[in-house]
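First residue of the sequence shown: 1, per UniProt numbering; consecutive thereafter. First comes the structure, then the notes that go with it.
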Amino acid sequence: MYKALLIAVNEQRDHEISALPNTLNDVREINRLLTEEPAVFDKSDVQILYGNLTTKSMLDHALHSFFRDASPNDVLFLYWAGHGGFSQTNAYFIPYDAGIHAIGDTSINMSDVRDHIDQTKARTVLSFFDTCHSGALMRSIDNLMERGLEIKGSGKFVIAACTENQLAWDRNGHGAFTDHLIRGLEGGATNPSGEIDIYTLYAYVSRALSKEFENQHPVLNSTLSGPPVVIKNVKTREAGSNLSPAPLFDGGQRVVDNSGDWFLLGRVHARYFSYRYNRSDKAYSLILKAEDNSRGVEEVLKQMWRTEQPFAIEDTAEYVRVAEVNVEVVGGEKTINLKLVSSEDRHGSHMFSEMTVNGIKPDEIAKLRIDHYLFNKEVPRHVRMDHSETLIYGNPSGYEVSDRLIPDLLDQHVTLECIRLHLIAVLVFKSIVSEVSSLHLFVERGAITRITIEGRRPRVYSNVNPSIVSVDEPVHFSLDY
């Protein structure tokens, strides 16, 4: 069983000790990353303590219970964010009710926490400590922390960073150390199987810290052994995906029914290494490996920072704001980290959802628009004659589409997976459907010969089920590559 104890000492009763409000951001983010599906941590097995719940007595009790009640097969995850304090001989974690003039008597000795880790029956313990202290304290604190957190038991992992500058807590709303931990859990520490295990997380965080903390080395102690223990599943592409075409079926036919590891942002096609979607803040976090993308992708993405762009991934398309574009080089490998936030006021116009135009019903309008924008068909004579053309083919969203969409993309040697993304974007941004259930490209004898689409028109009234739009269209678009 996986169990976690997440501690944020974000407030201090003694006003001479500064509060660290962003530590609460830290534990909330880590809690979300550990418990989002597909999760190995059950929400009921994650305990969070913060504010006035982080007194010395309450923390002592929580730590004692957390480690004492564990069974040998449990995987324990401890995270602590707050102040660190030091005397001449000991290192301490500062609780909510600590006194600045009696740190030793009112705080939790790091060696006591170490003893809990050493003595628990759980074979696997992962411990992360992000502590901040005043620059006026002695430089020898690292040695005190290292002694205080030195572990001996097999399968135990402790990583701790002690920063001299309290401003480090303001980076991205998290502590600098925790920022690397979060990026690792977001996907930076993903192994080729799409999992984050204790070894890959250890390697990712330690490399990132060693690079950033040039004048101060974080405390790293580990007695990890045996096979890796998975602590998070991340949606990631499979090794080698999209490096070869989709499999051939009987008769030499190939079906492209997914977009692989490609996404569309603005007019840029790029490949992600991992991504996740956070429903609570409606944001996408993507990690790209520079080696998987052309050199120009990085610069174009940087230019998109703080702009609003059309975005498509898998079967989804929406407008997003490019909130973050961060480039990191860890262990000689460059990654591009994107955060895209949904633009709730830009989901297209659904003016045709329940509207009949000169006797043409909404489902017919949807199919007319598909014929026009996706298959380059001419406007039917009856639509031209009754002057419905402008109403039906208007451009309420402002999303521009080529008159030769698929042929133009093929001329640019765009992959079939990316062509599929473009079709999904057109369907959503042209308000033809609100969501795409399936979209298949059938390829045989060097051409796209058939396209099938199923999607749902927007639900305008809460008591009316959204209509399903289905298309099965024979086509012929030659592949010249």
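C-beta atoms are modelled at their ideal positions from N, C-alpha and C, and glycine is treated no differently.
{"Asked": "Cα-Cα separation between serine 342 and asparagine 293, rounded to whole angstroms", "Found": "24 Å"}
{"Asked": "Cut-off 6 Å between Cβ atoms - residues of its own chain near glycine 251, not counting five sequence neighbours on either side", "Found": "Here glycine 251 scores only 48 on pLDDT, less than 50, and its place in the model is too uncertain to base an answer on."}
{"Asked": "Reduced DSSP category for glycine 332 - H, G, I as helix; E, B as strand; rest coil", "Found": "coil"}
{"Asked": "Inter-residue spacing [alpha-carbon to alpha-carbon] between phenylalanine 442 and arginine 450", "Found": "5 Å"}
{"Asked": "Cutoff 6 Å; reference glycine 446; Cβ partners in own chain excluding five residues on either side", "Found": "Leu479"}
{"Asked": "Separation of alanine 62 from histidine 116, as counted between CA atoms", "Found": "11 Å"}
{"Asked": "Expected contact under 8 Å - CB spacing of tryptophan 262 and threonine 89 to nearest Å", "Found": "Their Cβ separation, rounded to whole angstroms, is 58 Å, which puts tryptophan 262 and threonine 89 out of contact at 8 Å."}
{"Asked": "CA-to-CA distance, leucine 410 to leucine 338, given in whole angstroms", "Found": "28 Å"}
{"Asked": "Between the CA atoms of valine 436 and lysine 367 - distance to the nearest angstrom", "Found": "14 Å"}
{"Asked": "Three-state secondary structure (DSSP) of aspartate 60", "Found": "helix"}
{"Asked": "Residue closest to tyrosine 204, alpha-carbon to alpha-carbon, out of Ile365, Ser193 and Gly187", "Found": "Gly187"}
{"Asked": "Strand pairing of lysine 289, partner residues [DSSP]", "Found": "Thr335"}
{"Asked": "Three-state secondary structure (DSSP) of tyrosine 373", "Found": "helix"}
{"Asked": "Neighbourhood of alanine 189 by C-beta, 6 Å cutoff - its chain only, sequence neighbours within 5 removed", "Found": "Ile196, Thr200, Leu201 and Tyr204"}
{"Asked": "Tyrosine 96 vs methionine 110 beta-carbon contact at 8 Å", "Found": "no"}
{"Asked": "Same chain, Cβ closer than 6 Å to alanine 323, five either side skipped, listed in chain order", "Found": "Lys339 and Val341"}
{"Asked": "Closest residue to alanine 98 among Cys418, Ala19 and Leu78 (Cα-Cα distance)", "Found": "Ala19"}
{"Asked": "Host alpha helix (DSSP H) of glutamate 417 (start-end)", "Found": "416-429"}
{"Asked": "Alpha-carbon to alpha-carbon, lysine 232 and leucine 34", "Found": "7 Å"}
{"Asked": "Rounded separation between asparagine 31 and valine 46 - CA only", "Found": "7 Å"}
{"Asked": "Asparagine 25 (DSSP reduced to helix, strand or coil)", "Found": "helix"}
{"Asked": "Simplified DSSP state of isoleucine 151, which is helix, strand or coil", "Found": "Below a pLDDT of 50, predicted positions are generally treated as unreliable, and isoleucine 151, at 49, falls in that range; the measurement from the model is reported next regardless. Residue state, collapsed to three classes: coil."}
{"Asked": "Those residues which DSSP pairs with aspartate 472 across a bridge", "Found": "Thr452"}
{"Asked": "Extent of the continuous beta strand (DSSP E) to which histidine 116 belongs", "Found": "Where histidine 116 is concerned, there is no enclosing beta strand (DSSP E), although the alpha helix (DSSP H) it sits in stretches over 110-119."}
{"Asked": "CA-to-CA distance, aspartate 60 to glutamate 11, given in whole angstroms", "Found": "17 Å"}
{"Asked": "Bridge partners - lysine 282, DSSP secondary structure assignment", "Found": "Partner(s): none; lysine 282 has no beta bridge."}
{"Asked": "Beta-carbon contacts of serine 107 that lie in its chain and below 8 Å, excluding the five residues immediately before and after", "Found": "Lys56, Gly85, Tyr92, Phe93, Ile94, Pro95 and Ala98"}
{"Asked": "Reference arginine 295; option with closest CA among Ala312, Ala270, Tyr50 and Ile419", "Found": "Ala270"}
{"Asked": "C-beta contact flag for valine 325 and leucine 301 at 8 Å", "Found": "yes"}
{"Asked": "Strand pairing of aspartate 197, partner residues [DSSP]", "Found": "Val230"}
{"Asked": "As assigned by DSSP and simplified to three states, the class of residue 523", "Found": "This structure leaves residue 523 out entirely; the chain is present only between 1 and 481."}
{"Asked": "Threonine 307 classed as buried or exposed, judged by whether at least 16 other C-beta atoms fall within 10 angstroms", "Found": "exposed"}
{"Asked": "Leucine 78 to phenylalanine 41 span [Cα, whole Å]", "Found": "13 Å"}
{"Asked": "Buried versus exposed call for tryptophan 305 [16 or more other C-beta atoms within 10 Å across all chains shown]", "Found": "exposed"}
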